[in-house]
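Using the working numbering, the first residue of the sequence shown is number 12, and each one after it goes up by one. All residues carry an ideal CB built from backbone N, CA and C; glycine is no exception. Worksheet: the structure to be examined is printed underneath.
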Amino acid sequence: MKDSASDPGKHAFHGLTPDVIITLAEKSLGARCTNLCRPLNSYINRVYELEYEDRTGLVIKFYRPGRWSKKGLLDEHAFLLELADREIPVIAPLKMTDGGTLGQYGKIMFACFPKCGGRSFDEYSEDQWLELGRLIGRVHAIGAIHLPQDRITMVPDSSTRTQVDQLLSSSLIPADLCQQFKELTDALLSEITPLFNAARMIRIHGDCHFSNLIYLPGKSFYIIDFDDMAVGPPVQDFWMLLPGLKEDSWREINLFLEGYETFMNFDQRSLALIEPLRAMRYIHYIAWCAHQFSEDGESRVAPNFGSREYWQQEMGDLADQLERIRNAS
Numbered sequence: 012m013k014d015s016a017s018d019p020g021k022h023a024f025h026g027l028t029p030d031v032i033i034t035l036a037e038k039s040l041g042a043r044c045t046n047l048c049r050p051l052n053s054y055i056n057r058v059y060e061l062e063y064e065d066r067t068g069l070v071i072k073f074y075r076p077g078r079w080s081k082k083g084l085l086d087e088h089a090f091l092l093e094l095a096d097r098e099i100p101v102i103a104p105l106k107m108t109d110g111g112t113l114g115q116y117g118k119i120m121f122a123c124f125p126k127c128g129g130r131s132f133d134e135y136s137e138d139q140w141l142e143l144g145r146l147i148g149r150v151h152a153i154g155a156i157h158l159p160q161d162r163i164t165m166v167p168d169s170s171t172r173t174q175v176d177q178l179l180s181s182s183l184i185p186a187d188l189c190q191q192f193k194e195l196t197d198a199l200l201s202e203i204t205p206l207f208n209a210a211r212m213i214r215i216h217g218d219c220h221f222s223n224l225i226y227l228p229g230k231s232f233y234i235i236d237f238d239d240m241a242v243g244p245p246v247q248d249f250w251m252l253l254p255g256l257k258e259d260s261w262r263e264i265n266l267f268l269e270g271y272e273t274f275m276n277f278d279q280r281s282l283a284l285i286e287p288l289r290a291m292r293y294i295h296y297i298a299w300c301a302h303q304f305s306e307d308g309e310s311r312v313a314p315n316f317g318s319r320e321y322w323q324q325e326m327g328d329l330a331d332q333l334e335r336i337r338n339a340s
């Protein structure tokens, strides 16, 4: 885990005053904006709502330095533009005056997007499950065409191992719990890594949960926020939408796949990756909280992060998940 004193993300956004933000948008897009500059919720980046002089809304996103490479951000933009070109409902970055989609202010890279309002749901009707299946199937049909230049591959012995190693090398785990955490995560990764050997890997959204699917009345669902785009198994993009464990969600799985397979074949064997992916998500979440803590001295999503009770709870959850995976095999 990075040391907060040397992390390029630390204090990176302090120079982003409203005047600077509006000027960057105007110069990048070649259009005048009003004085509106409203910050929007974002745990990692800095995101602001702006407004053209004609009152049309737009959003400018400043990416946290050090989190993605320039190639990685261009991978995200290229994927979005490919999807938009095929009329798949995503919010693609706006072209700038130089013909690109990525601007730079000091060490901070940024992009502009049209504003797109909508609402999210925390449960879906049968017709909506079918619609979501068709949407994700269309996304994956394009995602399967080629691989990105610089995005993580979502497999245990790569992405998750890196996160575990970062946690172990930090000073955030209580010293007397480090060995227990290492043994537990080693056992987990040894158990689940072989399960990914035959999995097809394509470009995926990577973080497809309820909040990243918004519904526009009279239109359709839009899939938003491709920051965590990755190379991974297609099942990653729908298991987080399920109402519970796989064995309790067959109705939703079957409806989703009925829609999905209108556009993309699905390997039913990859459903066995749901619980391993859930375990990987646990570790990803811990690593994300640790990154926040190392930068800001606190985690906005886990107020008790770093406490002994926190680590005991997280390790208990991981141990339970490992047991669930072993029992399913």
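For chain B, find out if any of its Cβ atoms is closer than 8 Å to the Cβ of Gly154; answer yes or no.
Going by chain labels, chain B is absent from the structure shown, which holds only one protein chain.
Residue range of the alpha helix (DSSP H) that Phe8 falls in?
Residue 8 lies beyond the residue range present for the chain, which begins at 12 and ends at 340; the question has no answer from this structure.
Note down the Cα distance separating His220 from Asp133, rounded to an integer number of angstroms.
Take the alpha-carbon of His220 and the one of Asp133: they are about 9 Å apart.
Starting from the Cα of His216, find the closest Cα among Gln332, Asp176, Asn315 and Pro159 and give me that residue.
Selected option, being the one with the closest Cα: Pro159.
When burial is assigned at 16 or more other CB atoms within 10 Å of the CB, is Glu325 buried or exposed?
When all chains shown are included, Glu325 counts as buried.
What residue range is occupied by the uninterrupted alpha helix (DSSP H) comprising Pro125?
Here Pro125 belongs to no alpha helix (DSSP H); instead the beta strand (DSSP E) covers Ile119 to Pro125.
Where the alpha helix (DSSP H) through Gly327 begins and ends:
For Gly327, the uninterrupted alpha helix (DSSP H) segment begins and ends at Arg319 to Ala339.
In its own chain, which residues sit with a C-beta less than 7 Å from the C-beta of Ala23, not counting the 5 before and 5 after it?
The beta carbon of Ala23 is closer than 7 Å to those of Arg75, Pro76, Lys118 and Ile119 in its chain, skipping five residues each way along the sequence.
Can you tell me the Cα-Cα spacing of Thr28 and Arg337, whole angstroms?
Here the C-alpha atom of Thr28 lies approximately 52 Å from the C-alpha atom of Arg337.
Comparing alpha-carbon positions, which option in Asp161, Ala95 and Lys72 lies nearest Leu85?
Of the candidates Asp161, Ala95 and Lys72, the residue whose Cα lies closest to the Cα of Leu85 is Asp161.
Spell out the partners DSSP gives Gly68 in its beta bridges.
Answer by DSSP bridge pairing, in chain order: Glu62.
Contact the stretch 101-113 vs the stretch 48-60: 3+ CB pairs below 8 Å:
With the cut-off at 8 Å, the stretch 101-113 and the stretch 48-60 do not touch.
If you reduce the DSSP assignment to three classes, tell me which class Gln303 lands in.
Three-state DSSP puts Gln303 in a helix.
Length of the line joining the Cα atoms of Val31 and Met251:
Rounded to whole angstroms, Val31 to Met251 spans 38 Å at the Cα level.
Rounded Cβ spacing between Leu227 and Gly148 (contact assumed at less than 8 Å):
The beta-carbon separation of Leu227 and Gly148, rounded to 19 Å, does not stay under the 8 Å limit for a contact.
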